[in-house]
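Each remark here refers to the structure printed beneath this line.
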Amino acid sequence: MRRSLTLYGLTFSLPLLIWQLLFFVFPLVFLVALSFWTVKNFRMQPDIDAVNWVTMYGRPLFWQAYGITFAMSAAAAALVSALAFPCSYAIAFKLSETGRRWAVFLMVIPFFTSYLVRVYSWQIFLSDAGIINVMLGWVGLGPYGLLNTVGATMIGYLTLTFPLVVLLQLFSLAFIDRTLIEAAHNLRCGRLRTVFAVIIPSARVGLVIAALFAFILSFGDFVSPIYLGGGDPTTLSILITDTTKSGQQWPRAAVIALTMIGTLMAVAFAAVRFAYKGRTK
Amino acid sequence: MKNDTLVSFEGVVKRFGEFVAVQRMDFEIGKGEFLAIMGSSGCGKTTTLRMLAGLEAPSEGVIRLSGKPINDLPTWSRDTPMVWQSLALFPFLNVIENVEFALKMRGVGKAERRRKAEQWLDRMQITEFASRNISQLSGGQRQRVALARSLVVEPEILLLDEPLSALDAALKVRMQSVLKNLQRETGITFVYVTHSQSEAFSMADRVVIMSRGKIEQIGTPKEIYRTPRTRFVAGFLGSSNMFTGKVSGSDGGVVTLDTPAGALRLSAAGMPQPVAAGQTATLTVLDTKTDLAVTPPSGRVNTLPVRMIGEEFIGATATIYLETADGQEIRIQKSHEDLANLPLQIGQELVAHWSYEDGHLVMEE
Ligand SMILES: Nc1ncnc2c1ncn2[C@@H]1O[C@H](COP(=O)(O)OP(=O)(O)O)[C@@H](O)[C@H]1O
Ligand SMILES: [Mg+2]
Chain A
59 MRRSLTLYGL TFSLPLLIWQ LLFFVFPLVF LVALSFWTVK NFRMQPDIDA VNWVTMYGRP
119 LFWQAYGITF AMSAAAAALV SALAFPCSYA IAFKLSETGR RWAVFLMVIP FFTSYLVRVY
179 SWQIFLSDAG IINVMLGWVG LGPYGLLNTV GATMIGYLTL TFPLVVLLQL FSLAFIDRTL
239 IEAAHNLRCG RLRTVFAVII PSARVGLVIA ALFAFILSFG DFVSPIYLGG GDPTTLSILI
299 TDTTKSGQQW PRAAVIALTM IGTLMAVAFA AVRFAYKGRT K
Chain B
1449 MKNDTLVSFE GVVKRFGEFV AVQRMDFEIG KGEFLAIMGS SGCGKTTTLR MLAGLEAPSE
1509 GVIRLSGKPI NDLPTWSRDT PMVWQSLALF PFLNVIENVE FALKMRGVGK AERRRKAEQW
1569 LDRMQITEFA SRNISQLSGG QRQRVALARS LVVEPEILLL DEPLSALDAA LKVRMQSVLK
1629 NLQRETGITF VYVTHSQSEA FSMADRVVIM SRGKIEQIGT PKEIYRTPRT RFVAGFLGSS
1689 NMFTGKVSGS DGGVVTLDTP AGALRLSAAG MPQPVAAGQT ATLTVLDTKT DLAVTPPSGR
1749 VNTLPVRMIG EEFIGATATI YLETADGQEI RIQKSHEDLA NLPLQIGQEL VAHWSYEDGH
1809 LVMEE
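Protein sequence lines, in the order shown, are assigned to chains A and B. Letter by letter, the first sequence follows residues 59 to 339 of the numbering used here. Letter by letter, the second sequence follows residues 1449 to 1813 of the numbering used here.
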């Protein structure tokens, strides 16, 4: 059923609509226009020319960065989901009411400090003379080159997404009907099997949305790949800064940004479809 | 223990912290029996059933299944499938997958699983909904899926926790006969928890009446209806008139009870313990066995002057509300023909009477 817009409804949704228009739709339209501009003698000129698209999409370097960024954020989403699940499961099902409240509070704390600060502190841990290598040195190991690796970038992605993923998973687990779990046990489904046969399917929407958020945040992240990964391999976010630095190529950077937005939209759409698959309500 | 006993509760107690939800329960459930556990909300019915299903551990006592203690057996190692009040169907599985679930957990092969599930869908007349989502089914259809899901493993016993409470009245009656027939045909022991007297009495072979965590009476519906053992049961059934007083004499098998309404007499035969003078006791007499007259009839020992205060007609029976001399309200249920010759007006002075054998004595504990 479609309801017609009422003045009352409009009053409340109008500020949000204006906000969306100002800070999302207009910049996006501008970005699309920008991607068709041209750069002559380090100066941008309004134009309608597909040259930026052709140049960028014709570069193997671009596709390499695209593939790596996609693979790394997909891996981060899978990894953080897998690591967060036992944690949110324990919070949802094994803790008392008070314990659960504390756990939620602890998961909110990381948001108090800037992500950049948290990434810098990881440098202190991971660098060649850092805390981890010093400790390994005590037992006669290392030093290992931990910083400026893909693994370090992954640690950064986890730092960025873990608390949010735990919270999102937790809320989907908290709303599972406990009698479904008892019903499964009662029908001879053991404890571990119930996790896969009942709990994960029941919480599916929340789990997929949590993984989607992890993917989105990692896909666009600039901080971890540059400060922990050392800029190698090049991700799309790094490629954007490189492109803008080299000869005022803002239009080409716009091509990369638009490709990223398009990818995220496609992934989000696919994820939501997958999450709600087989549900009719 | 008898040979045909499937389940026995021996001194079973369940506490939640300080709160005693179930007090010392001793009873047995026979093989192939339809047992109803009845009582008002919060009296411990679900807790009793959950202990039998292994979802709650008894604080004291032993529960045996086929003679073996099962206290320490987790629910997934027992064959005590349960039908939940909320049904607890899996919303992420379709109808046939729900029914197959228990078979899958037992490692039954795919083809065999499908075949058995289809058999039960057919039996419950829901074959056409096999690939539907649970959310697309009506209440009655869901009920059938829940039954099929539990029965597909052909258990020895099925536990049901108020399974019909969400259905409308007409559907309730239909499902009652479905359940009763199912139980008769399969021979599976049903333990049926309900707060509804009509459900318990129309389906069950035996009824357990509970109140505040305690068993008040166990018996066939007929026994309980005719001879309620405690004042609680008589009051709960609501189908008896009750007169409480002190025993003033007990000789030759005749007990005399002094009540505010007058001296009443009844037979002491069948009383579990001897009745002594001075004890407090209650006489119960079914409202259908209580008669009305204009003048005291000869040959009846129990007659009470009463005044009519109200009437109610439902279908073929009439309920007449009366007040005794001391202000107690009593009730009579009769067919219209039985009442045809009486002057029934509000305020009319009449005589209530019943035969000596129809009164039952309930001792105060
Ligand atoms: N897990 C529990 N913790 C504490 N009290 C409970 C719990 N389960 C049931 N109770 C209490 O035990 C009593 C009996 O509950 P229940 O068996 O569900 O009653 P019924 O099914 O007869 O309505 C109720 O007073 C209820 O509040
Ligand atoms: Mg209950």
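Virtual Cβ for every residue (Gly too), placed ideally from N, Cα, C. Note that the structure is a prediction, hence the values are computed from the model and not measured.
Check: Please classify Phe120 of chain A as buried or exposed, where buried requires at least 16 other C-beta atoms within 10 Å of its C-beta.; Outcome: buried
Check: Among the candidates B:Glu1610, B:Ile1544, B:Asp1570, whose CA atom is the shortest distance from the CA of Ile1582 of chain B?; Outcome: B:Ile1544
Check: Could you spell out where the beta strand (DSSP E) holding His1808 of chain B opens and where it closes?; Outcome: 1808 to 1811
Check: Pull up the distance between the alpha-carbon of Ile1605 of chain B and that of Ile213 of chain A, whole angstroms please.; Outcome: 53 angstroms
Check: May I ask you to verify whether the segment 1636 to 1645 of chain B touches the segment 1478 to 1498 of chain B, counting CB pairs closer than 8 angstroms and requiring at least 3?; Outcome: yes
Check: So, using beta-carbon positions, are Val1749 of chain B and Thr1772 of chain B closer together than 9 angstroms?; Outcome: no
Check: Name the chain A residues that come within less than 8 angstroms of Trp1802 of chain B, Cβ to Cβ?; Outcome: Within 8 angstroms Cβ-Cβ: nothing; Trp1802 of chain B doesn't reach chain A, min ~48 angstroms.
Check: So within the segment 1513 to 1599 of chain B, which uninterrupted alpha helix (DSSP H) runs reach at least 4 residues, ignoring any that extend past its ends?; Outcome: 1543 to 1553, 1558 to 1571, 1587 to 1599
Check: Using only the alpha-carbon positions, how far apart do Leu1454 of chain B and Pro168 of chain A sit?; Outcome: 57 angstroms
Check: Quick one: does Met1449 of chain B have its CB under 9 angstroms from some CB of chain A?; Outcome: Because the pLDDT at Met1449 of chain B is just 44, under 50, the model does not fix this residue reliably, and the value given afterwards should be weighed accordingly. For Met1449 of chain B, the answer is no, since every Cβ of chain A falls outside 9 angstroms of its Cβ.
Check: What are the residues in the segment 247 to 266 of chain A lying within 9 angstroms of chain B by C-beta distance?; Outcome: Cys247, Gly248, Arg249, Arg251, Thr252, Ala255, Val256, Pro259, Ser260, Arg262
Check: If the criterion is Cβ atoms closer than 9 angstroms, does the pair Gln1776 of chain B and Pro1722 of chain B meet it?; Outcome: no
Check: Determine which residues of the segment 1516 to 1528 of chain B have a Cβ less than 7 angstroms from any Cβ of chain A, and write them out in chain order.; Outcome: Thr1523, Trp1524
Check: At 4 residues or longer, and completely inside the segment 207 to 235 of chain A: list those alpha helix (DSSP H) runs for me, N to C.; Outcome: 208 to 232
Check: Report all residues for which the CB-ligand distance to some heavy atom of ligand 1 is below 5 angstroms; order them along the chain.; Outcome: B:Phe1464, B:Ala1469, B:Ser1489, B:Gly1490, B:Cys1491, B:Gly1492, B:Lys1493, B:Thr1494, B:Thr1495
Check: Is Met1553 of chain B close to chain C? Criterion is C-beta to C-beta, closer than 9 angstroms.; Outcome: Protein chains in the displayed structure are A and B, and chain C is not among them.
Check: Between Leu222 of chain A and the rest of its own chain, which residues show a CB-CB distance below 7 angstroms, the 5 nearest in sequence each way excluded?; Outcome: Phe271
Check: Glu1610 of chain B: beta carbon under 8 angstroms from a heavy atom of ligand 2?; Outcome: yes
Check: Name, in chain order, the residues that DSSP records as bridge partners for Arg1755 of chain B.; Outcome: B:Glu1771, B:Glu1797
Check: Between Glu240 of chain A and chain B, is the shortest Cβ-Cβ distance under 9 angstroms, so that the two count as touching?; Outcome: yes
Check: Taking 8 angstroms as the line, does the beta carbon of Val224 of chain A fall inside it for any heavy atom of ligand 2?; Outcome: no
Check: State the DSSP-derived secondary structure class of Ile1762 of chain B, mapped to helix, strand or coil.; Outcome: strand
Check: Just by C-beta distance, which residues in the segment 195 to 221 of chain A are closer than 8 angstroms to chain B?; Outcome: none
Check: Quick one: residues in its chain with C-beta nearer than 7 angstroms to the C-beta of Lys339 of chain A, no 5 flanking neighbours on either side, listed in chain order?; Outcome: Confidence is the limiting factor: at Lys339 of chain A the pLDDT is only 41, short of 50, which leaves the residue's position unreliable, though a coordinate-based value still follows. Counting only Cβ-Cβ distances below 7 angstroms, and skipping sequence neighbours, we find nothing.
Check: Chain B beta carbons: is any one of them nearer than 9 angstroms to that of Leu352 of chain A?; Outcome: Because chain A here runs from 59 to 339, residue 352 of chain A falls outside it and cannot be looked at.
Check: Would the beta-carbon of Val1531 of chain B be found less than 8 angstroms away from any heavy atom of ligand 2?; Outcome: no
Check: Are there any heavy atoms of ligand 2 lying less than 8 angstroms away from the beta-carbon of Val1641 of chain B, as far as the coordinates show?; Outcome: yes
Check: Is Thr338 of chain A close to chain B? Criterion is C-beta to C-beta, closer than 9 angstroms.; Outcome: Low per-residue confidence applies at Thr338 of chain A: pLDDT is 47, beneath 50, and the placement is therefore not dependable enough to give any value.
Check: Quick one: is Ala1617 of chain B buried, meaning 16 or more other Cβ sit within 10 Å of its Cβ, or exposed?; Outcome: exposed
Check: Is it the case that the segment 93 to 105 of chain A contacts the segment 317 to 325 of chain A, given that we only count it when at least three CB pairs across the two stretches are under 8 angstroms?; Outcome: no
Check: For Ala136 of chain A and Thr293 of chain A, which I take to be in contact (beta-carbon distance under 8 angstroms), what is that distance rounded to the nearest angstrom?; Outcome: Rounded, the Cβ-Cβ distance is 17 angstroms, inconsistent with contact.
Check: What first and last residue would you give for the alpha helix (DSSP H) that runs through Asn191 of chain A?; Outcome: 189 to 196
Check: Can you find a CB in chain B that lies within less than 9 angstroms of the CB of Asp235 of chain A?; Outcome: yes
Check: Could you tell me which chain A residues have their CB closer than 8 angstroms to the CB of Val1501 of chain B, listed as they occur along the chain?; Outcome: Checking the sequence shown, residue 1501 of chain B turns out to be Ala, not Val. The contacting residues are Asn244.
Check: Using the beta-carbon of each residue, which ones in chain A are nearer than 9 angstroms to Phe1649 of chain B?; Outcome: Those do not exist, as Phe1649 of chain B stays about 28 angstroms from chain A at its closest Cβ, beyond 9 angstroms.
Check: Taking the alpha-carbon positions, what's the Ile1477 of chain B to Asn1519 of chain B distance?; Outcome: 16 angstroms
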